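What follows is one structure encoded as structure tokens, with my remarks underneath.
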Amino acid sequence: MRLNVSPNRMEVLRLRKRLLLARRGHKLLRDKQEELMRRFLELVVENKNLRDDVEERLRKGYQNLLFARAMMFADTIESLLSFTTRKADVTVSLTPLMNLRLPQLHLSQEGEVSCYGFAETSGELDAAISVFSETLPLMVKLSQIERWIELMAQEIETTRRRVNALEYILIPSLDETIRYITMKLSERERGDITRLMKVKEIVR
Amino acid sequence: MEVGLGLAIIGIALAVGLAGAGSALGIGYAASAANGVISEDPSKFGSLFILVALPGTQGIYGFLVGVMVMMQLGLIGGGEMVAISVGTGWQILGACLPVGIAGLASGAHQGRVSAAGAAVVAKQPEDFFKAVIMSAMVETYAVLGLLVSILLIFAIQL
Amino acid sequence: MNDDTRYTCAVGKIRALEARLIRKEKFIQMCDADSAEDVLELLSDTDYGSSLSELKNAGDFEDILKSEMRDVINLTSFLSNDPELTDVFRLKIDFNNLKLLLKIKHSSFVEDTTKFIDRHLMEGGLVPPERLKKLFESDSIGELPVELSPVIRKIKEEFKENNAPQLIDIIIDNELFSLLKERMGENYLLERYLQRLIDLLNIKNFLRAGNLGKKKDFLEKMLLPGGRLEKKLFLASIDDREGSLSSRLPLEYEGLISRGIKYYRENNSWKELERLSDDYVLGALEPAKLIAFGIEPLITYLLAKESEIKNIRMIIAGKLNRMPAELLRATLREPYA
């Protein structure tokens, strides 16, 4: 697709500069895309492992909880677990990666988790609670990774679109326009020469 | 003479009363246990009835001895009243005691055995007869008491 | 003979009811069933059948089991001539309700409290939940039954500075078990049951506390009174809990504790210890099967039913969560029947 410009030498020079810039930009963006892809794939693998791990832990924890619940007097487990001195808080900070701002989650916990009496609770409850409290930091990490993956996927998508736009639209059309203008110019030159030769003959 | 008759009547009273008391106690235990079972499982009534009825025999034995003495003495049956001495009176009183005492003790205990038997019937209905046999073992001694009482009564020379 | 013939009828009734307790083979069938629905199907010819058949969703089975437990406690109270003794099982519910109310009062609990209380206060205690709530709000503790009011006072005294909900549980549990000891202590069989219960709970909780890294002063508070094993014994083996404790235990407990600890080391779970303990504790009441005149069969039936309900709850919940059948079978409590 040819750009709509007037075919003159100035324009060719300008277009050549733009083409150079576009090529450089294209190369940079490609590099960025590759780097993003590499990190993205790493994260995806990590995410999968972490998710499997968390799910396995939670499955075990729920199994413990189930037995604890079945063995306890009546249905007191919920009211027992509602009272705890453990406080958990998540703070967010941002870390830059290329042009992304990735959120970093920090989990802070304090206080005792197991705030129930022992006489009427099953030992399985301890196990369940310890599994869950060990899993919490992993779950926070997991959500951080998943958010990163989401942001990176978006970024990769836009970068890819830019690369494609440069590669398939801007660069070819610049190329084409430059070729058009140079052809136009040399055509005009040839016309001038013919015209000159014709004038010379008439004059002779 | 009146003293002799009085002693004999005390004998009758003891035979009937003690044996009857034994049966009443026994049936009391057995029947309340049976009621408990029936409240949950009315279909067991048939077997339980037999277990409850078992301790009732002592009362009948006592009654039997009492009536026999009365007949011997002519107190019933419209015949002439037999005059008995004080010694005979004591003899009759003594003759009445075996069935009375054996009836009291065996009736009460048979009732307990039957009450436990009711539990067997509740849990393993197929073992009903075993429970009845256990309960009937206690009966043996009431029967022996009855036998001795009857033999003694016939042995006494009026 | 030390027979209590007032219970002749009650024992008869209990025997008939005992005949309907679920047997081991049935439980094994239930464990091997394919789904929770199949388990309910298997239960249809038991005492639970009629109420379970009205159940639309297998997930609601908990309510049925809860009301079944209430019925058993009510039946025992109804048949009992010693309310002092049978009331303890209702008081257990009251104590649990108290725990909840006291914890709400003494800790910073943010959720909508009235709704929370309404949802978690349990029916079936000596004091109905509504009344308990009202008396508690108006602070008229004096009107509560004599067993409850001293507990509240005690908590109020000990709880000025400390804000750990765990302490409330511990104080109330201690009170409950002293009460049990007081009420059951006069009956030979029940006392034996209670001693085994307290000892095994203490042993288990001692080991649990060790794993959670609890210190000596915590143990001193937590250990329940009234067992055969004294606190001294536990406190002496505080440094090497598993090792030196089992060497100090009486022969009676040694075997099951060492099996429980072995299972814990391999699987990181107290399941096996709890199962063995439960079976052993209930085993103390085995002789009640032979008692025809006395309160023991009543109490035994109540506890046997409680254990049965535990089993059913575990199996159905396990099936709903697709637990393997072997695991369920290995956790099954020995049925009394």
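Protein chains in written order, with full-length UniProt numbering: chain A, 1 to 204; chain B, 1 to 158; chain C, 1 to 337. Here a beta-carbon is modelled for each residue, glycine too, at the ideal position from N, C-alpha and C. Predicted model only: the values in this text are computed from it and were never measured.
(1) Along chain C, in chain order, which residues have C-beta atoms closer than 7 Å to that of A/Phe67?
(2) From A/Glu55, A/Val54, A/Asn8 and A/Arg204, pick the residue whose C-alpha is nearest to that of A/Arg188; which is it?
(3) Taking just the CA atoms, how far does B/Leu48 sit from B/Val121?
(4) Taking C/Leu139 as the reference, which of C/Leu101, C/Asp112 and C/Asp173 has the closest Cα?
(5) Any chance the segment 41-57 of chain C sits against the segment 270-283 of chain C, with 3 or more Cβ pairs inside 8 Å?
(6) Please tell me whether A/Ser22 has its Cβ less than 7 Å away from any Cβ of chain C.
(7) Of the residues C/Ile117, C/Val72, C/Ala325 and C/Thr331, which one's Cα is nearest the Cα of C/Cys31?
(8) Measure from the C-beta of C/Arg15 to each C-beta in chain B and report whether the shortest distance is under 7 Å.
(9) According to DSSP, what are the bridge partners of residue 224 of chain A?
(10) Express the C-alpha separation of A/Ala127 and C/Arg275 in angstroms, rounding to a whole number.
(11) Can you find a C-beta in chain B that's less than 7 Å from the C-beta of C/Gly12?
(12) Under the three-state reduction of DSSP, which class applies to residue 258 of chain A: helix, strand or coil?
(13) Give the secondary structure of C/Asp47 by DSSP, where H, G and I count as helix, E and B as strand, and everything else as coil.
(14) Within the continuous alpha helix (DSSP H) that includes C/Thr300, where are the two ends?
(15) Ends of the alpha helix (DSSP H) at C/Asp239?
(16) Give me the Cβ distance between residue 215 of chain B and B/Ala108, rounded to the nearest whole Å; I'm assuming they're in contact under 8 Å.
(17) Helix, strand or coil, according to DSSP, for C/Asp34 in the structure here?
(18) Strictly below 7 Å CB to CB, what residues from chain B border C/Thr5?
(19) Under the rule that 16 or more other beta-carbon atoms within 10 Å means buried, what is C/Tyr193, buried or exposed?
(20) How would you label B/Val16, buried or exposed, when you count the other beta carbons within 10 angstroms and need 16 or more for buried?
(21) Could you check which residue in C/Ile203, C/Phe89, C/Glu252 and C/Arg259 has the C-alpha nearest to that of C/Ile238?
(22) Tell me the start and end of each unbroken alpha helix (DSSP H) in the segment 196-268 of chain C that is at least 4 residues and wholly inside, in chain order.
(23) Does the beta carbon of C/Cys9 come closer than 7 Å to any beta carbon on chain B?
(24) List the endpoints of the continuous alpha helix (DSSP H) containing A/Met37.
(25) Quick check on DSSP: helix, strand or coil for B/Asp41?
(26) Could you list which residues in chain C have their beta carbon closer than 8 Å to that of B/Val65, in chain order?
(27) Take A/Ser114 and list the residues in its own chain whose beta-carbon comes closer than 7 Å to its own, dropping the five residues that flank it on each side.
(28) Does the Cβ-Cβ distance between B/Ala53 and B/Ala118 come in under 7 Å?
(29) Start and end of the alpha helix (DSSP H) containing A/Cys115?
(30) Mind checking the segment 22-36 of chain A against chain C and listing, in chain order, the residues whose C-beta falls within less than 7 Å of any C-beta there?
(31) Within 7 Å (strictly less), CB to CB, does C/Ser237 reach chain A?
(32) When the Cα atoms are used, what is the spatial distance from B/Tyr61 to B/Leu146?
Per the coordinate set shown:
(1) Numbered from its first residue, the first sequence carries residue 67 of chain A at position 67. Think of a sphere of 7 Å around the beta carbon of A/Phe67: the chain C residues whose beta carbon falls inside it are Lys271, Met314 and Thr331, in chain order.
(2) The count along the first sequence starts at 1 and reaches residue 188 of chain A at position 188. When A/Glu55, A/Val54, A/Asn8 and A/Arg204 are compared, the shortest CA-CA separation from A/Arg188 is found for A/Asn8.
(3) Taking the first residue of the second sequence as 1, we reach residue 121 of chain B at position 121. Taking the first residue of the second sequence as 1, we reach residue 48 of chain B at position 48. Answer to the nearest angstrom: the Cα atoms are 7 Å apart.
(4) If you number the third sequence from 1, residue 139 of chain C lands on position 139. Here residue 139 of chain C is Asp; the residue named in the question, Leu, does not match the sequence. Ranking C/Leu101, C/Asp112 and C/Asp173 by Cα distance to C/Asp139 puts C/Leu101 first.
(5) Verdict: no, contact absent.
(6) Here residue 22 of chain A refers to the residue found at position 22 when the first sequence is read from its first residue. First, the residue type needs correcting, since residue 22 of chain A is Ala and not Ser in the sequence shown. Judged by the 7 Å Cβ criterion, A/Ala22 is not in contact with chain C.
(7) For this step, residue 31 of chain C is matched to residue 31 along the third sequence. The shortest Cα separation from C/Cys31 among C/Ile117, C/Val72, C/Ala325 and C/Thr331 belongs to C/Ala325.
(8) Taking the third sequence and counting its residues from 1, the one referred to as residue 15 of chain C is at position 15. Nearest CB-CB separation between C/Arg15 and chain B: below the 7 Å threshold.
(9) As displayed, chain A neither begins before 1 nor continues past 204, which places residue 224 of chain A out of reach and without an answer.
(10) Within the third sequence, residue 275 of chain C is the residue found at index 275, counting from 1. Within the first sequence, residue 127 of chain A is the residue found at index 127, counting from 1. The straight-line gap from Cα to Cα measures roughly 16 Å.
(11) In the third sequence, the residue the question calls residue 12 of chain C occupies position 12. Answer yes: the Cβ-Cβ gap between C/Gly12 and chain B drops below 7 Å somewhere.
(12) No answer is possible for residue 258 of chain A: the residues shown for chain A start at 1 and end at 204.
(13) By 1-based counting over the third sequence, the position of residue 47 of chain C is 47. DSSP, read as helix, strand or coil, puts C/Asp47 in coil.
(14) In the third sequence, counting from the first residue as 1, residue 300 of chain C sits at position 300. The continuous alpha helix (DSSP H) containing C/Thr300 extends over residues Glu296 to Leu320.
(15) The count along the third sequence starts at 1 and reaches residue 239 of chain C at position 239. Neither: C/Asp239 is in no alpha helix (DSSP H) and is coded neither H nor E.
(16) Past the edges of chain B, shown from 1 to 158, lies residue 215 of chain B, and the structure says nothing about it.
(17) Within the third sequence, the letter at position 34 stands for residue 34 of chain C. Secondary structure at C/Asp34: coil, using DSSP grouped into helix, strand and coil.
(18) Taking the first residue of the third sequence as 1, we reach residue 5 of chain C at position 5. By Cβ distance, chain B contributes Tyr29.
(19) Here residue 193 of chain C corresponds to residue number 193 of the third sequence, with the count starting at 1. Of the residues assessed, C/Tyr193 falls on the buried side of the cut-off, its CB having 16 or more other CB atoms within 10 angstroms.
(20) Taking the second sequence and counting its residues from 1, one reaches residue 16 of chain B at position 16. Counting the other CB atoms within 10 Å of its CB gives B/Val16 a total of 16 or more, which places it among the buried residues.
(21) As a first step, residue 238 of chain C must be located in the third sequence, where it is residue number 238. Among C/Ile203, C/Phe89, C/Glu252 and C/Arg259, the Cα nearest to that of C/Ile238 is on C/Ile203.
(22) Fully enclosed alpha helix (DSSP H) runs of 4 or longer: 216-222, 231-236, 241-248 and 251-267.
(23) Taking the third sequence and counting its residues from 1, the one referred to as residue 9 of chain C is at position 9. At a cut-off of 7 Å, the C-beta of C/Cys9 has a neighbouring C-beta in chain B.
(24) As a first step, residue 37 of chain A must be located in the first sequence, where it is residue number 37. That run of the alpha helix (DSSP H) goes Arg9 to Met71.
(25) To locate residue 41 of chain B, count along the second sequence from 1; it is residue 41. In the displayed model, B/Asp41 falls within coil according to three-state DSSP, outside both helix and strand.
(26) In the second sequence, residue 65 of chain B corresponds to position 65, counting from 1. Chain C residues near B/Val65: none, gap ~28 Å exceeds 8 Å.
(27) As a first step, residue 114 of chain A must be located in the first sequence, where it is residue number 114. Taking A/Ser114 as the centre and dropping the five residues before and after it, the same chain places the C-beta of Asp126 and Ile129 closer than 7 Å to its C-beta, in chain order.
(28) Position 53 of the second sequence, counted from the first residue, corresponds to residue 53 of chain B. Position 118 of the second sequence, counted from the first residue, corresponds to residue 118 of chain B. The beta carbons of B/Ala53 and B/Ala118 sit no closer together than 7 Å.
(29) Position 115 of the first sequence, counted from the first residue, corresponds to residue 115 of chain A. Per DSSP, A/Cys115 is not a residue of any alpha helix (DSSP H), being assigned neither H nor E.
(30) Answer in chain order: no residues at all.
(31) Numbered from its first residue, the third sequence carries residue 237 of chain C at position 237. No, no contact with chain A.
(32) Residue numbering aside, residue 61 of chain B sits at position 61 when the second sequence is read from its first letter. Residue numbering aside, residue 146 of chain B sits at position 146 when the second sequence is read from its first letter. Between B/Tyr61 and B/Leu146, the alpha-carbon positions lie close to 6 Å from each other.
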